[in-house]
Each structure stands twice: as C-alpha cells, then as structure tokens.
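A quick write-up on the structure given underneath.
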Amino acid sequence: MVVMWIFLKKFYRDLRESKGQFISVLAVVIIGVMFYTALYSALEGLAGAGRRYFEEYRLGDLWGSLYRAPEEVVKRIEGIPGIKMVTGRVVRDVRISMEKRDAMVRLISLPDKRTKVVNDIQLKSGSYFSGDAGNQCIVSEDFFKAHRLKMGQTIEPIVNGDRVKLKVVGTAKSPEYTYEVREASELIPDSERFGVVYVKKSYLQSVLDFRGSINDVSALLEQEADIKKVKYQMEKLLAPYGLSGIVEKKDQLSYSLFSADVRSLESLAAVFPMLFFIASAVIIYITMTRMIENQRMLMGVLKALGYGNMDIMLHYQTYPLLVGILGSIIGALLGVFIVGEALLDMFNMMYNIPTGEAAVRPGIVLPASILALTFCVAAGWNACRKELNLVPSESMRPKPPAFGKKLLLENIRLLWQNINFSWKMILRNLFRYKKRSAMASVGIIFSTILLLIALGFQNSMDYLMHEQFYEIQRFDIKINLSGMVNADELNYIRSIDHIKSVEPVMESGIEIENGWRRKNIGIMSLNSESELYGVFDRAGNPVMPPDDGILIPYKLMNNLGIQPGNKVYLKFFYPGKNEDKDKKSVTVKGATSQFIGESAICSTDYINYLLREGVVANAAYIELEGPQYEKKVMERLKEILTVSTIQSKSEIMANTEKTLNSMKSIILYMVLGAGILAFAVIYNITSINIFERRREIATLSVLGFTSRELKSLVFNENFFLSIFGALVGIIPGRFAAYSVIMMQASDTMYIPAVLNPSSYFIAVFMIIVFTVTANLLLTGKILSVNMVESLKSAE
Amino acid sequence: MKPIIAVKNIVKEYVMGEVIIRAVDGISFEVDVGELVVVLGPSGAGKSTVLNILGGMDFPTSGEVWVNGKDISKFSRNELTMYRRKNIGFVFQFYNLMPNLTALENVEIAAQICDEPLDPVSVLKEVGLYERMGNFPAQLSGGEQQRVSIARAVAKNPTLLLCDEPTGALDYMTGKSILKLLRDVNREFKKTIMIITHNSPLAQMADKVVRIKNGKGESVELNDSPLPIERIEW
C-alpha cells in the first residue's frame, strides 16, 4: 500500500510538469468520443424514433393519386392479395389567406368519427372532430405555431373560388408529412407557406362536389406481400379513374427525404469518428512511446531496485488509463448533451418527428469509451514493453544516439552546400528519426483530410444552390394551374403588368418501361428554347429539350440499363390515356443531370405529339421585369382562379439559406475538430521534441545562439512537417471528401461533389495557422530550458 | 597591465521555497591576458557556479564581474547572449556536441555566428582530427569528441576559454592529452583559459591557482614555473 502511494505521488508530479501535453492528448480522445456519441445518438434519436413513429401511425406502403373514383373502389382494392388495410381520401391543395401572409394548405380528409386509417395522425393538442359541425379542422402543429393560431380560431381557405370557414379544434403531426413540403422541388419546409389541414371527410366531399368519391388512396401491405404485384393490381384497378401513378413508400416525398438524411447521417457516423479514433490512436501512441522512453532510466533504476515488470508496467499504465477514462467521460457528455443536442435541434426544426430527448445511451457511449480506452492502453503497453525488455543496467545507461550517417540529400552537393546550418540540422533530424517524423505527419494528414471533407461539403452545397437557383431554376415565379389549360389562357397571364415572359410547362407522372424494368417518375415538357429553366447534361453543358425523344436522369439510365438511342415504353398518368394500350415507344436521347427530383424532360412539341391533345400546359414559369414587382405580380396572380399554387423563387431561396445555416454548424464542428487535432499533434510532438533536445538547445544557447535563433530551429522543423503533412493529405483528402459527399446521394437528391481549388489553399493555410499557434504557445518552453541544469548530467 | 577578468566579491544565492542556499559566498580574484588558471576545490564548493557566472550563463546575486572592461553582472539577458556569442568559448565535461552534425559542422556552427572566427578546418587540424572531420560524434571516441569540443570553443576566437572538468569523463591517458592540448592552445593562441577541476595535482600546470571551499575563496596563488603535463602524475 505504501508502495502504491509513492507511485501515485510520482505520477501526480509527473503530470503536473507536463500539463500541456496531458491536455492535448486528452483533447484528442475527447473529440473522438464526442463525435462518435454525438453522431450515433442523433442517429438513434432520429432514425429509431422515425421508424417507430412510422409504424405506430401506419405510414402507407403505397399511394395513389387519382382524378376521381367512387368510394367503393376501396373495397375492391382491399380484395387484392397482400393488402392489409386501405384508406380512401379526398385531398386538395388550396390557397389560404392568413394574417401573416398568404399560404397554401393541403386539405386532407379524415373519417368523421375517429377510426384507424392508413397515414394516421398524432393528435398533439385539442381534440378530434366532434359531433355535428362539419367545418371543423385539425391543423398541422408547425403551421399552427408558425401562424400563432389559437384553438377555436377560424381559418378561411379558398376552395373552388369560395371562401370557406374552418374552425380549428386540434393540432396534429403525421408520419406522412415528417417533412412538410408541398412538392419535391421545394428543398425545405416553410411552415408559414405550407401546411396540412385535416377536415371531416363528409365536409370536404360536399364542399368539393365530391360526394361519394375519393381522389387519393393509400394502402398498407402485409409483411410478405409482393409489392410489385400489388402495385400492378392497384394500377389496373385505378387506371380508369385518372391515376397519376402509384408511389411506393420508399419514393414518397417525406419518407424518402427522411431516409436519405438518415442514410447520410449513417455514412457520416461511420466515417468521421473512425478518422478521429485512428488519429487519436496515432497521437497517443507517439506521445506515450516518447514519454516512456524518456523515463527509461527511471525504469531501469526501479528494476534494479527490485520492482518487477508488472509493477512498473501498471504504474505507467496509469497515464493512458486516466486519459482514456477521463477522455471518454468528458467526450461522451459533450457528445450527447452539446453536439448531439445541436444535431437533434436541427432535425427537430426540419422534421415533424418526435425525436427523443438527448440522453446518455449505454449502447452508444460504452463502445466509444471502450474503443478509446483500448487505443490508449494498447499504446501505453506497447511503449512500455520495449523498455521493460531491457536489462536494468542497459536501460540505466543513456540510450545510444541514432547511428549518424549522411542523408541521400547530401549527395546533391550544390543544394546541400547552400543550406544553412539550422536547415541541415532540421533535415538530418527529420530523416534520422523517420518513424517519429512520419507519425507527426500522420496527425497533420488526418487533420487535412478532415478539413477538406468539411470544405468539400461547403463547396458542394454552395454549388448546388447556385446551380439549382441560377442555372436551372431561372424563373422568378412558378405557378401551377388547376387543370390542363391551352396556350391562350396563358396569354391572359402574359398580359399582367411587369411580367416579362411566361413559359408553359406540362408536368405529369409517367412510367418508364425498359424490358422488365420499370420506374415511375415525372416528366416535364418545356419550350425547346426555354430560357427560364436550364437543362444540362452530365458534363454541365446546356442541352435543349428534344423534339424527338426524351432525356432522363443519369442515375435512372444506369438503373434501368438504358443507353442513349435506346427506345423505351412510356405510360402516361394522364386522364384518359393511362391504359396499357396507350403506351408509347419513345427514344431516350440522352442523360440530364438533376440535383433534386427525378424527371424526364422533353419539348412541349414532343409531348403534344405524344398526347395528341393540342398545346397544353398545367404549369408555367414566369419571369418578372424586376424583383421589385414580385409582390405586386403575386397579388395579381392570386386573383386568377385557375392558378392553384404560386411559388416565388426568392422565398424558396431565402428559406434554403436559413436551413443551410444550420448545416454550417455541423461543418463548423468538423473544422473545429480538425483544428484541435492538428494543434494537439503539433503541440505534443514539439513539446516532446524540446524535452528530448534540451541538451542541444542548451548547448546552442551557451554557444551564444539568441532565443530567436533557437526558436526558429525548433519551429522550422514543425513548419516543414506541417506543410509536408498538409500537402500529402491533399490527395486522400480529396478522395475522402468526394466519397463522403457521394454517399449522400439518393434517388431524389443528388449532391454534386465539388471541391474548389481555393479550398486546398484554405486547408493548407489553416494547418499553418494551427502550427503557428502551437509554436507560439510553446515559445515559453524553449526559453525555460535551463542551460546550467541541462548540461550537467551525463544523459 | 590591467587584468582581463576581475571578479569582485560575487555572491550567488539559490532560493528554493523556504530554503536559501549560498553556493558562492564572496569570491574575488583577477585574471590576466594569456593566463592558464586552474580553479580547484572539492565537490560542491561552488567552482562550477563561478564558471557559469563568468560564462554569462547565470547572474550573481551580488558583486561585480568585469570582463574586458565591462561589468557583465549588470547585463540583460540579450546582452549576456551576445557576450557568450562573442567572448566565450566553453568546454563541458560531457562534450555536448550536436549529434546530427559532423565534427567539422559542429565547429562550423559555432564559428559562423562569430565576428572573427578561426578557420574550422585549421582548428580541427590543430587538435589532430583532420582525418575525422566528416564523422558524426557517435562515431568518435570520448577523447576525440572532447577535442572537437575544444576545437569548437577555440574556433570562436573568444576572449576567454572556460573548461568545466574537461577530463572528468575520460581515462587517464586521454585526459592527459586533452590537458596538453589545452595548454598548447593557451601558449600558441595566447588564449586566456580557466579550467575547473577537483583534481589537485593539476594545479601544477597552471599559471594561477584559485582555491575555493564552501563557496568562499580560500586562496589565489601564482605559479612561477608551471610544469608540462607529461611531468605531472596523479
């Protein structure tokens, strides 16, 4: 017991002397554990909660949107083998005038009396519909909050040209709208502009003149059901009613966006913490090894005194154990309650899922801690092992200096002669202790990789924003019309003041069939010389919507095995033309690159040719004479009855910026992490360097080297290592950044991997800044090398 | 002739918490140009402390240290660095060569920061290491390393050469050759040299012997007929 106490005292004093080092090693472990726990607990909070939520409220497996069908169609669908439950609904997007601003709401019918349905709601406050009054509504919670509604308040959407009064009796969330956006082209939810409102089915049917009918069907399938078969059956059944395609759950807007995000989190969670752990392992190994090497004499003395290997080993394991345990605890706490919490907040803002509270989950924290501890202890063990294998007399003798020999570089006489001494010493030092130098570089390389991943994300998002909103969506306003209109109707819109141009667009659902492979996507037909919507090929060159075929998204081409020039079958979900017999054979002219959504593209002439319906459009892009007219024009557009929805690009952009700002906080964490890593490595290595070379430094001081000259000797070595590490890290960094970003791609969203040349400079620059900072902090250590003391001993 | 060094009543105290140690307690002596001085005293007497002060590596707590007409006890840190750079050549007991530089480079690194250095190659020749110029310290024996160390100190062309137990780590024969070398440097280059040692017979080689005991100067003796090294036995 007395023995242990003395050892602990020694440990404590050793620790006090090298506080800075301890802190920097600790910092690295903390960050590794922190990222691990943050990402995994956010993932658990999001994904796990999400999945449970979807199940509990019966998120549909299949959706079908129709023109109009009699209610009893539901019974017939129930008869399809594999169907567990079907719900028929009436759904309509309408405009609504709120106090704050105008908005769109989606009216969705719910049974008059509460029953289990597919895509059920979670009542958050208030109550379900009651008794007699038909015009009750339950409003989505976010919309309710955004417009500061009160229970019992009346809202007045415009249905079929008339204002209707709906009394708010409750608020709800629904798994169908975890991501509350109207359509795929809107990147982020804006609860002020769009919300979901549930009304009594009977009421909606009467107000829309839809008695006994429905226009929306969703179904839950049995576990073992063959989804393709059921889908096929449903399509056949519903085709006569103007079916615009059956959507599978995986393609359903909010679900797919949600799972895409979950998947990207998963990929981040897989990559990031590992990088940090590996980096921390390396740093801990370097530090421990050298710290223990420096204790070599002491270890020899202890052995000579009669202490066994185990005793000594255990004593020296105290440091790694302490670092491991302390780092794990602090890292886990930070990870769960600070970073994890921030991530969950961001998700809460974007999704309507009840994510759990941030809590320490043993399933996540334990693996991280064990991993961290293992790395620490393994490093310490390995370092000790070498020294302990020596005979006591051997280790008490000072370590023989590394065998001196000339570097290969020296053979280049011209170069070598013109380098001054400091550099000769630095280069010899670097090359002689190759392992040491390499390990220091490794830390910098990792740091560079992390920086490049973070910068890559930033660059890619910026590029996406720019491409999407400046190159592709060049219009100022997009309107959807409540039905197919022909070209003349649009002239009316063209005549509105301050509108510069209007381009008709036809959007519809189609099914592409290539052999046995098929997929439901959208099709967009534009003017051949459309100026308000940019279409690009894979290489980024502009292409015209073809007159004699279609363009399809590149990813789809791969999935369906289509080559440019191939013919495929197209089935339209256009009322009256969606039978199999109406399938048309079209040529795929090439690929287009799309970031959001999946649409085939062709010219309006071509679609007219295919559909033989004359020039029709159900949407239009509008260009304004100037941004100042936006409000006025939108007001005018609202008065037009046939215009069902109005979208202003500036609003979407402003909203997107807002969300991207929260993305920025993640990127910031990454950069911070990279910074601390680089800093910790440099600080540690330099600190150990100075200690090991204190005799040299003292001698040079005696010789009369000024403190400035001494500092530059040590720090130049650091700069060399840092810049070397940064440069080496560029290639793996680029690879890593591209990989991580590519992993985020899904069917409906594709983020282009972009890394600007300037980012490389920024990364290297930041590494230099970290190096300089670490150096500045260590200035004191160099100066405090006591000449007299350092030169007295034999070692 | 005015003495090149005049140490006047220097005191050096070390404060370690509540304990105050007086390593040097009022020592005074003078040294003339070209003298070979041996500072003698048992272990812990304070000899190294005096040398360190003279070498500009430490400040006296009180007293004056005049070297070449300047009181270095009043120098700032930077001034002391310059002083060490230009005026002092130091030879250590444990050589303290740069392990990453060859013998020649070790001498060059000292020479290049001085105003009027001697040619490193010539100096190495003088100490008998011409053939080993390109070797690293790890490839040299103890005696050879000490020679390099001396060459390094001499090449600086300093006012004063200070040697702290230069033969402490060497065997008898090698030690003797080192001392002979120092003596030759003293006679041929006319360098003022101070050697610290606890080995009393060495006093016979000196021009002046300063004896220190318990931090106080015991005596300062002139030696009219210093003996050549070969004749001294211990």
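Residue numbers (the working numbering), protein chains in the order written: chain A, 1 to 795; chain B, 796 to 1029.
Glycine included, C-beta positions come from ideal geometry on N, C-alpha and C.
Interface residue (Cβ-Cβ distance to chain A less than 7 Å): B/Arg879 is classified as such. The beta-bridge partner set that DSSP reports for B/Asp866 consists of B/Trp861.
Distance between A/Pro553 and A/Asp345, taken at the CA atoms: about 34 Å.
Counting only runs of 3+ residues, the beta strand (DSSP E) found wholly inside the segment 880-931 of chain B occupies 883-886, in chain order. Counted as a single uninterrupted DSSP element, the beta strand (DSSP E) harbouring A/Pro553 occupies residues Ile550 to Pro553.
Against chain B, the beta carbon of A/Met297 has no neighbour under 9 Å; the closest one sits roughly 15 Å away.
In this structure B/Met811 is exposed. Its beta-carbon is surrounded by fewer than 16 other beta-carbon atoms within 10 angstroms.
Cβ proximity to chain A below 9 Å picks out Leu892, Met893, Pro894, Asn895, Leu896, Thr897, Glu900, Glu903, Ile904, Ala905, Gln907, Ile908 and Cys909 from the segment 892-914 of chain B. The beta carbon of A/Phe421 sits closer than 7 Å to some beta carbon of chain B. Taking the beta carbon of A/Asn429 as reference, the chain B residues within 7 Å of it are Asn895, listed in sequence order. Counting every other CB atom within 10 Å of its CB across the protein chains shown gives A/Glu639 a total below 16, marking it as exposed. Straight-line spacing of the CA atoms in B/Ser972 and B/Met928 works out to 19 Å. In the structure shown, A/Val118 adopts coil according to DSSP, grouped into three states. At a cut-off of 7 Å between beta-carbon atoms, B/Phe885 makes contact with chain A. In chain B, no part has a C-beta under 8 Å from the C-beta of A/Lys711; the shortest such distance is about 13 Å.
For A/Gly565 and A/Gln252, the gap between their C-alpha atoms comes out near 30 Å. A contact is defined here as three or more CB-CB pairs under 8 Å, and the segment 759-775 of chain A fails this definition with respect to the segment 282-296 of chain A.
B/Glu900 and A/Leu366 have their alpha carbons spaced roughly 55 Å apart. With contacts defined by Cβ atoms closer than 7 Å, B/Ile1007 and B/Gly841 form a contacting pair. The segment 46-105 of chain A contains, as complete alpha helix (DSSP H) runs of 4+ residues, the segments 49-56 and 73-78 (chain order). Taking the Cβ atoms as the reference, A/Ile479 lies roughly 10 Å from A/Val633, outside the contact range of under 8 Å.
Listed along chain B, no residue sits closer than 9 Å to A/Lys9 by beta-carbon distance, the nearest being about 17 Å off. Taking a Cβ-Cβ threshold of 8 Å, the residues of chain B close to A/Phe705 are Thr876, Arg880 and Ile908, in chain order. Taking A/Ala225 as the centre and dropping the five residues before and after it, the same chain places the C-beta of Gly82 closer than 6 Å to its C-beta, in chain order. Not one beta carbon of chain B lies nearer than 7 Å to the beta carbon of A/Glu657. Taking 8 Å as the Cβ-Cβ cut-off, the segment 537-555 of chain A has no residue approaching chain B. Nearest Cα to A/Phe129 within the set A/Ala172, A/Val29 and A/Ala281: A/Ala172. Between A/Glu293 and chain B, the shortest Cβ-Cβ separation is not below 7 Å.
When A/Ser202, A/Tyr738, A/Val25 and A/Gly725 are compared, the shortest CA-CA separation from A/Leu455 is found for A/Tyr738. A/Pro504: member of the beta strand (DSSP E) spanning Ile499 to Asn514, first to last residue. With respect to B/Phe984, A/Val702 sits apart: the two C-beta atoms are not nearer than 7 Å.
Residue environment analysis places B/Leu935 among the buried positions, since at least 16 neighbouring C-beta atoms fall within 10 angstroms of its C-beta. Within the same chain, Cβ atoms closer than 6 Å to the Cβ of A/Val117 are found at Thr87, the five residues on either side in sequence being excluded. Under the three-state reduction of DSSP output, A/Ser648 falls in the strand class. Nearest to A/Ala591 by alpha-carbon distance, out of A/Ile622, A/Gly549, A/Glu613 and A/Thr604, is A/Gly549. Comparing alpha carbon positions, the residue from A/Asn618, A/Glu341, A/Ala304 and A/His466 closest to A/Gly483 is A/Asn618.
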